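Reading through the structure tokens given below for one structure.
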Amino acid sequence: MTRRGFLRDAAIATAVLGLLIALPFVFTKPSLRDFLIYVMAYGLLAMSLNLLVGLTGLVSFGHAAFFASGAYMFGLLMQSGRVSIPVAMLAAVAGTALLALIIGAICVRLKEIYFSFITLAFQMFIHSIILTWVSLTGGDQGLRGGIPRPPFLGIDLGNGMALYMFCAVVFIACLLVMRQVWQSPFGYTLRLIRDNPGRADFLGVDIVRVKLGIFVLAGAMAGIAGILLSLFVSGAYPEFGFWTTSGEAIFMIMLGGTQLFIGPIIGAVLLRLLEHFVNIYTEHHGLVLGLVILAIVLGLRQGVADYLVAWLGRRREAAAAATTTSAEATKERAA
Numbered sequence: 001m002t003r004r005g006f007l008r009d010a011a012i013a014t015a016v017l018g019l020l021i022a023l024p025f026v027f028t029k030p031s032l033r034d035f036l037i038y039v040m041a042y043g044l045l046a047m048s049l050n051l052l053v054g055l056t057g058l059v060s061f062g063h064a065a066f067f068a069s070g071a072y073m074f075g076l077l078m079q080s081g082r083v084s085i086p087v088a089m090l091a092a093v094a095g096t097a098l099l100a101l102i103i104g105a106i107c108v109r110l111k112e113i114y115f116s117f118i119t120l121a122f123q124m125f126i127h128s129i130i131l132t133w134v135s136l137t138g139g140d141q142g143l144r145g146g147i148p149r150p151p152f153l154g155i156d157l158g159n160g161m162a163l164y165m166f167c168a169v170v171f172i173a174c175l176l177v178m179r180q181v182w183q184s185p186f187g188y189t190l191r192l193i194r195d196n197p198g199r200a201d202f203l204g205v206d207i208v209r210v211k212l213g214i215f216v217l218a219g220a221m222a223g224i225a226g227i228l229l230s231l232f233v234s235g236a237y238p239e240f241g242f243w244t245t246s247g248e249a250i251f252m253i254m255l256g257g258t259q260l261f262i263g264p265i266i267g268a269v270l271l272r273l274l275e276h277f278v279n280i281y282t283e284h285h286g287l288v289l290g291l292v293i294l295a296i297v298l299g300l301r302q303g304v305a306d307y308l309v310a311w312l313g314r315r316r317e318a319a320a321a322a323t324t325t326s327a328e329a330t331k332e333r334a335a
């Protein structure tokens, strides 16, 4: 990406951050603030997974393993009382990235279908560790005693508004990093591997190393998402690492779309809104939610964001064609 492109993305990120910070002051209900933190955490999880699904063509069924790992590592470090929140975050992200490196070194060498199921197997293994190592993780009750939020640099995350702003800053910073990867030569190399691995190999691309690099980055970003959620709920729970959490992230990508950068975030907002309203109006929320998601995905045959982009593209093409036809007709009449 060029310097001009980075500055443009940074300006957009700053504007979006300003909007996120302003929203709770305009709409003062705490429930909106809580909803936005929840969407930011799960939206970041979906965005990190889309680095594999949309950019690289690797469908991971076990991405929740890194989501839970980040949350538990952070929570355990904070409960030790020896480190500050920033240090605990950095250590948890580093630990999650190391875990992703170990798992990825095995998985990225496999064909697509085997890759998907081996990542699921690792996720189930990590989930079982969380459940059985009760003395460390609290088992099925999660981390006992909550996660402390000691002030740092004058910031008190025990305050709901301060926690919201902190999550918004981290969320936007992570999106900016992923955007640079998305638009970088590394990102276009990943697209080449996705679309034509034979050509990538012919051109001398080290496919395994490139896939491993994006796998580690995606795992680290998922770990940050888990940290944000653990800060919000003041805990870490086995559900963070269950296969349904990976499934939710995949649903968000399917709803929003894989090809537009912010598609998974749109999917996260849609899924959480659907869950909210379905839970209000029916007891059979799982059935209704599944039917609605199926209707959207099968009806549009792509994510909502991808569909809108394609629709706008067709409108522009139709308008351009109409303008060209009109100009030609005018020339013929003049002749």
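For the sequence shown, the positions run 1 to 335 when my numbering is used. For glycine and all other residues, C-beta sits at the position ideal for the given N, C-alpha and C. Predicted model only: the values in this text are computed from it and were never measured.
Integer-rounded CB distance, given that residue 222 should sit under 8 Å from residue 63
6 Å
In the DSSP assignment, find the unbroken alpha helix (DSSP H) run with residue 243 in it and report its ends.
243-256
Could you have a look at residue 215 and say whether DSSP puts it in helix, strand or coil?
helix
Select from 102, 318, 135 the residue whose C-alpha is nearest the C-alpha of residue 119.
Comparing Cα-Cα distances from residue 119 to each of 102, 318, 135, the minimum goes to 102.
Is residue 274 near residue 289, with beta carbons less than 8 Å apart?
yes
Opposing strand residues paired with residue 207 [DSSP bridges]
DSSP, once it has assigned bridges, lists no residue as partnering residue 207.
Alpha carbon to alpha carbon, what distance is there between residue 109 and residue 194?
Across the structure, residue 194 and residue 109 are spaced so that their CA atoms are roughly 14 Å apart.
Counting Cβ pairs, one atom from each stretch, are 3 or more of them under 8 Å apart for the region 247-261 and the region 53-69?
yes
May I have the straight-line CA-CA distance separating residue 104 from residue 212, to the nearest angstrom?
6 Å
Determine the DSSP secondary structure at residue 280, reduced to helix, strand or coil.
DSSP places residue 280 in helix when its eight states are reduced to three.
Do you know offhand how far residue 16's Cα is from residue 135's?
42 Å
For residue 132, which residues from the same chain have a beta carbon less than 8 Å from its beta carbon, with the 5 sequence-adjacent residues on both sides left out?
139
Contact under 8 Å by Cβ, residue 224 with residue 51
No, Cβ-Cβ distance for residue 224 and residue 51 is not below 8 Å.
Near residue 210, which residues of its chain fall below 7 Å by C-beta distance, leaving aside the five closest residues on each side in sequence?
189, 190, 193, listed in sequence order.
Beta-carbon proximity check, residue 74 vs residue 92, cutoff 8 Å:
yes
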